[in-house]
Amino acid sequence: MALSPANRIEITVDRALCIGSGDCVDTAPDVFQLDDEDKAVVVDADGAPLEDVIAAAGNCPVAAIFVVGEDGDLYP
Ligand code: SF4
Numbered sequence: 001m002a003l004s005p006a007n008r009i010e011i012t013v014d015r016a017l018c019i020g021s022g023d024c025v026d027t028a029p030d031v032f033q034l035d036d037e038d039k040a041v042v043v044d045a046d047g048a049p050l051e052d053v054i055a056a057a058g059n060c061p062v063a064a065i066f067v068v069g070e071d072g073d074l075y076p
């Protein structure tokens, strides 16, 4: 597992679940972007403070965002 240098996390988006609502992008635009299929992708796991990344994951209406840290799951 490759953890990001600053936040020490790995973020995964389940593309099968993602409905492209953009909530994660609104919350943390330097972390998440929508690709050309309107699915969220992680552009920089350190693009926002950890609490903002967790908030973005919590804002996802279909719970498609998973955040793992050094000691295990951070979200959900
Ligand atoms: S908030 Fe969830 S459903 Fe919406 S774009 Fe982000 S990952 Fe996809």
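Residues in the sequence shown are numbered from 1 upward in steps of one, following the numbering used here. For every residue, glycine included, the Cβ atom is placed at its ideal position computed from N, Cα and C. Given the structure is predicted, the values throughout are model-derived calculations rather than measurements.
Residue i CB to nearest heavy atom of ligand 1 below 7 Å
i    : result
D23  : yes
G20  : yes
I103 : Outside the modelled stretch of the chain, which goes from 1 to 76, sits residue 103, for which no answer is possible.
I54  : no
For residue j and residue i, the rounded distance between their alpha carbons
i   : j   : result
P29 : A48 : 8 Å
Q33 : L17 : 16 Å
D38 : G20 : 5 Å
G22 : E70 : 27 Å
D14 : A55 : 17 Å
T27 : V53 : 8 Å
D44 : G72 : 20 Å
Member of the options whose CA lies at the smallest distance from the CA of residue i
i   : options          : result
C24 : G69, E70 and A57 : A57
E51 : L74, C60 and T12 : L74
P76 : E10, A6 and A2   : E10
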